[in-house]
Amino acid sequence: MSYDLYFYKRKSSSLSEEQVKDYLNKSNHLVLEENGNQWSYHNEETGVYFGIDLNEPNTDAEEIEIWDSFEDYENLNFCFTINFIRPNFFGYESFPILDEIIDDLDLYILNMQDEIDPDNPQKFEKNYLGNQWIVQNERLVKDNFETFQVDFYSKENSDYIWNYQFNRNQLQDNLNEDIFVAGYILLKNINDGKIYRICVWPNHIPIIIPPVDFIIIQKNYKKFFRNVEESGLVSIQQIESKLGKYFEDFECEIPNLKVVYQESADKIKNEFNDLKIESQINDFGNLISLDRLVNVKPQ
């Protein structure tokens, strides 16, 4: 199931197919696929993706009547496609990029899923398409929840994780100190079926941690003259109980972050290595990719 939008221009416009292709090729957001006719967006941090395809011109008379018979508009044969049955943040991230493309190229959009005018190319107000996709996506999620076997996750938590992951690399790049900005991993517990927020903390290094339920700690220490390496899940309750005094609030645009600075990291080696590993990942649950989350479920 996908939400498809078709690119048109006014017949009076000089915009050509080659100009559109050149614009897409130069985009900082898109990657040209090997076939030369598809441009893809994929953010590995957030799991968000969409595509723009260049289609062959219509030759069938019936198709020409549907797609190419507008008095004032010419079909450019490009189509934007984003999947349904996705978390809402797919819309937050994707449609600002589409809006930028539309504005820069002065495009008109044929939106056959539009409730007001599905039959004509038009200009849409800012955020209209993104908001429409969210509404239709939520409706389709409710209708197809069992069929697609997706995982419900609250919009509040889902939005926070998306915002953090979307800005994580920039946060890392802007730091003046050598501090690791931990990323999110989601695990679905084998026993209770709940989704838990996880991040990794290697060898008690300086770290920024978002709100989580468990931390995968990675120990490396000497015992009886040999190197010992251990890793596994430790609950945030155990972390806070034993190491909480070393965490400080980290002030930035993303709320509720905690940081262990270098000075504290140098002090906690023994306490860190004394943390009790409570479970291994494979015993605890299964990894959940962000694109498998949905923010609504049937009543």
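Numbering (the numbering used here), first residue to last: 638 to 936.
From the three backbone atoms N, C-alpha and C, an ideal C-beta is built for every residue, glycine too.
Bear in mind that the values here come from a model prediction, so they are computed numbers and not experimental data.
Checklist entry - Based on Cα-Cα distance, which residue from S731, D788, N768, I738 lies nearest to D659? => result Along the sequence shown, read from residue 1 onward, the residue named residue 659 stands at position 22. Residue I738 holds the alpha-carbon nearest to the alpha-carbon of D659 among S731, D788, N768, I738.
Checklist entry - Closest by CA to S677, which one among L735, W770, G922, I827? => result As a working note, residue 677 is residue 40 in the sequence shown. Residue L735 is the option with its Cα nearest to S677.
Item to check | Same chain, Cβ closer than 6 Å to L642, five either side skipped, listed in chain order | outcome: Working through the sequence shown from its first residue, we reach residue 642 at position 5. These residues qualify, in order along the chain: F717, I746, N748.
Checklist entry - Can you tell which of N828, Q802, D810, L808 has the C-alpha that lies nearest to the C-alpha of I822? => result Locating residue 822 in the sequence shown gives position 185, counting from the first residue. Selected option, being the one with the closest Cα: Q802.
Item to check | Secondary structure of P839, DSSP reduced to three states | outcome: Against the sequence shown, residue 839 aligns to sequence position 202. Of the three classes helix, strand and coil, the one that applies to P839 here is strand, per DSSP.
Checklist entry - According to the neighbour-count rule (16 or more other Cβ atoms, all chains shown, within 10 Å of its Cβ), is A819 buried or exposed? => result Within the sequence shown, residue 819 is the residue found at index 182, counting from 1. Buried: at least 16 other Cβ atoms inside 10 Å.
Next on the checklist: Since I631 and L880 should fall inside the 8 Å C-beta cutoff, what is the C-beta to C-beta distance between them, to a whole number of angstroms?
Outcome noted: There is simply no residue 631 to check, as the chain begins at 638 and stops at 936 in what is shown.
Next on the checklist: Taking the beta carbon of T696 as the centre, do at least 16 other beta carbons fall within 10 Å, making it buried, or is it exposed?
Outcome noted: Taking the first residue of the sequence shown as position 1, residue 696 is located at position 59. With fewer than 16 other Cβ atoms within 10 Å, it is exposed.
Item to check | As assigned by DSSP and simplified to three states, the class of V778 | outcome: To locate residue 778, count along the sequence shown from 1; it is residue 141. Here V778 sits in helix by DSSP.
Next on the checklist: Looking only at its chain, what residues have a beta carbon closer than 6 Å to the beta carbon of W770, apart from the 5 residues adjacent to it on each side?
Outcome noted: What you label residue 770 is simply residue 133 of the sequence shown in a count that begins at 1. Taken in chain order, the residues that qualify are Y640, G728.
Checklist entry - Can you name the start and end residues of the alpha helix (DSSP H) that S901 belongs to? => result Here the question's residue 901 lines up with position 264 in the sequence shown. Looking at the DSSP string, the run of the alpha helix (DSSP H) that includes S901 is 899-902.
Item to check | Local Cβ density within 10 Å of N864, reported as buried at 16 or more and exposed below that | outcome: The sequence position of residue 864 within the sequence shown is 227, counting from 1. Exposed.
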